[in-house]
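If you use the UniProt record's numbering, the sequence shown corresponds to residues 1 to 266, in order.
All C-beta atoms, glycine included, are put in the ideal place defined by N, C-alpha and C.
What follows is a short report on a single structure.
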Amino acid sequence: MRLSRLARGILGAVTGVILLVIYLPLMVVLVNSFSTSTSLVWPPPGLTLEWWGRAFQSEGALEAVLTSVQIALIATLVSLVLGTLISLALQRFAFFGREAVSLLVILPIALPGIITGIALNNAFRTILGVQLSIATVIVAHATFCIVTVFNNVIARLRRLGTSYEEASADLGAGLWTTFRLVTFPQLRSALLAGGLLAFALSFDEIIVTTFTAGAGVKTLPIWILDNLFRPSQAPIVNVIAVVLVLVSIVPIYIAQRIAGAEKVSR
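Set out below in structure tokens:
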């Protein structure tokens with residue numbers, strides 16, 4: 001489809017405005033992380049690297065980073081296992097209620113985070129009688145991280161079909177051997193992309209985490225929220241926010257490159 005010069009100009013202008021609205025606040029945070037002021041002011045009165053040095057020496061921030069990484073890694077691992085198994089069950093087997101199960105698997109990512117958080121908080125504390133801790137945060141994150149893995153894997157399974165697996169079975173391979181030698185190698189890039197997205201989703205999650213974390217559990221987003229309006233902490237919070245953005249961008253970028261490489265290869 002070819003657009004007129006006027007249409008291209010309007011489309012470019014609208015795109016530019018949308019990108020400006022999205023990314024200008026991020027640029028303000030980036031610049032303020034180098035500000036000499038101890039409060040959130042614009043424009044900054046001067047520039048300094050002092051806050052970056054303090055941020056990487058902050059025990060609270062570093063501990064929060066390690067907690068977020070730990071939770072994200074375990075939640076991603078759980079999501080990879082469960083998301084793959086659910087995808088195989090729903091795509092390779094026919095059974096009563098399959099569509100309903102598929103809807104229930106995807107639903108957590110569509111629900112507002114505050115609803116998910118309240119529901120899980122009630123389930124842990126009143127129904128199961130479980131003390132809120134890192135374990136409850138991991139379970140909570142896995143409920144929506146599974147969806148990213150599930151969507152990637154089931155889309156790949158639909159494109160692959162069953163011909164290779166049927167050929168493997170005809171040659172005498174069992175179910176596990178077929179999965180290990182035939183199915184899994186074809187799913188590796190989808191699993192990697194889904195796992196990276198799940199990690200990014202878990203790493204910067206705050207709403208569900210707030211409702212499911214115990215008193216001593218501080219992830220990086222919660223640390224940022226707690227320190228945002230404390231005296232002299234605003235520049236350090238800006239530094240941590242920039243690091244959080246970079247950490248979130250990397251896995252999403254890699255996942256996008258993987259998807260793009262697969263399109264080109266096909």
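Near residue 204, what residues of its chain come up, given a Cβ to Cβ distance below 7 Å and the 5 sequence neighbours on each side ignored?
On the sequence shown, residue 204 is found 204 positions in, with the first residue counted as 1. Within its own chain, the residues whose Cβ lies closer than 7 Å to the Cβ of residue 204, once the five positions on either side in sequence are excluded, are 221, 244 and 248, listed in chain order.
Just how far apart, CA to CA, sit residue 176 and residue 101?
Here residue 176 corresponds to residue number 176 of the sequence shown, with the count starting at 1. Here residue 101 corresponds to residue number 101 of the sequence shown, with the count starting at 1. Across the structure, residue 176 and residue 101 are spaced so that their CA atoms are roughly 24 Å apart.
Spatial distance of residue 117 from residue 18 (CA atoms)
Counting from 1 along the sequence shown, the entry for residue 117 is found at position 117. Counting from 1 along the sequence shown, the entry for residue 18 is found at position 18. In this model, residue 117 and residue 18 are separated by some 31 Å (Cα to Cα).
Could you say which of 51, 37 and 52 lies nearest to residue 45 if we only look at CA atoms?
The count along the sequence shown starts at 1 and reaches residue 45 at position 45. Nearest option by C-alpha distance: 37.
Since I believe residue 29 is in contact with residue 208 (beta carbons under 8 Å), could you give me their beta-carbon distance rounded to a whole number of angstroms?
Here residue 208 is taken as the residue at index 208 of the sequence shown, counted from 1. Here residue 29 is taken as the residue at index 29 of the sequence shown, counted from 1. Not really, about 23 Å apart at Cβ, beyond 8 Å.
Tell me, which residues are paired with residue 47 by DSSP?
Position 47 of the sequence shown, counted from the start, is the residue given in the question as residue 47. Looking at the DSSP output, residue 47 shares a beta bridge with 35.
Does the pairing of the stretch 77–90 with the stretch 138–157 give three or more beta-carbon distances under 8 Å?
Yes, since at least three Cβ pairs between the stretch 77–90 and the stretch 138–157 fall closer than 8 Å, the two stretches touch.
For residue 50, which of 246, 234 and 257 has the nearest alpha-carbon?
As a working mapping, residue 50 is identified with position 50 in the sequence shown. 234 is the residue among 246, 234 and 257 whose C-alpha sits nearest the C-alpha of residue 50.
C-beta contact flag for residue 219 and residue 64 at 8 Å
Reading the sequence shown from its first residue, position 219 is the one you call residue 219. Reading the sequence shown from its first residue, position 64 is the one you call residue 64. Contact: yes.
Between the Cα of residue 91 and the Cα atoms of 217, 110, 159 and 26, which residue gives the shortest distance?
Here residue 91 refers to the residue found at position 91 when the sequence shown is read from its first residue. It is 159.
Tell me which same chain residues have a C-beta within less than 7 Å of the C-beta of residue 229, skipping the five on either side of it?
As a first step, residue 229 must be located in the sequence shown, where it is residue number 229. Short of 7 Å from the beta carbon of residue 229, and not among the five residues preceding or following it, lies no beta carbon of its own chain.
Under the rule that 16 or more other beta-carbon atoms within 10 Å means buried, what is residue 264, buried or exposed?
The residue you call residue 264 lines up with position 264 of the sequence shown. Because the pLDDT of residue 264 is 47, which lies under 50, any placement of that residue in the model is unreliable, and the number read from its coordinates should be weighed accordingly. Within a 10 Å sphere around the beta-carbon of residue 264 sit fewer than 16 other beta-carbons, which makes this residue exposed.
Could you have a look at residue 130 and say whether DSSP puts it in helix, strand or coil?
As a first step, residue 130 must be located in the sequence shown, where it is residue number 130. The answer is coil: DSSP assigns residue 130 none of H, G, I, E or B.
Backbone CA spacing between residue 226 and residue 202 [nearest angstrom]:
What you label residue 226 is simply residue 226 of the sequence shown in a count that begins at 1. What you label residue 202 is simply residue 202 of the sequence shown in a count that begins at 1. Straight-line measurement puts the Cα of residue 202 at about 19 Å from the Cα of residue 226.
Is DSSP giving residue 62 helix, strand or coil here?
Sequence index remark: in the sequence shown, residue 62 carries index 62 (1-based). It is helical.
The alpha helix (DSSP H) that contains residue 194, what's its start and end?
Position 194 of the sequence shown, counted from the start, is the residue given in the question as residue 194. It spans 184–203 - the alpha helix (DSSP H) in which residue 194 sits, taken as one unbroken run.
Please classify residue 68 as buried or exposed, where buried requires at least 16 other C-beta atoms within 10 Å of its C-beta.
The count along the sequence shown starts at 1 and reaches residue 68 at position 68. Looking at its Cβ environment, which holds 16 or more other Cβ atoms inside 10 Å, residue 68 is buried.
Note the first and the last residue of the continuous alpha helix (DSSP H) segment covering residue 217.
What you label residue 217 is simply residue 217 of the sequence shown in a count that begins at 1. Premise fails: residue 217 is in no alpha helix (DSSP H) and is neither H nor E.
Excluding the 5 residues flanking residue 173 on each side, which residues of the same chain have their C-beta closer than 8 Å to its C-beta?
Mapped onto the sequence shown, residue 173 falls at position 173. Here the set comprises 181 and 182.
Member of 195, 224 and 31 whose CA lies at the smallest distance from the CA of residue 75:
Sequence index remark: in the sequence shown, residue 75 carries index 75 (1-based). Comparing Cα positions, the closest option is 195.
Considering only the beta carbon of each residue, do residue 142 and residue 79 sit closer than 8 Å?
As a first step, residue 142 is located in the sequence shown; it is residue number 142 there, counting from the start. As a first step, residue 79 is located in the sequence shown; it is residue number 79 there, counting from the start. The answer is yes: Cβ separation under 8 Å.
What does a CB cutoff of less than 7 Å around residue 58 pick up in its chain, not counting 5 residues either side in sequence?
Locating residue 58 in the sequence shown gives position 58, where the first residue counts as 1. Cβ neighbours of residue 58 beyond the five flanking positions: 236.
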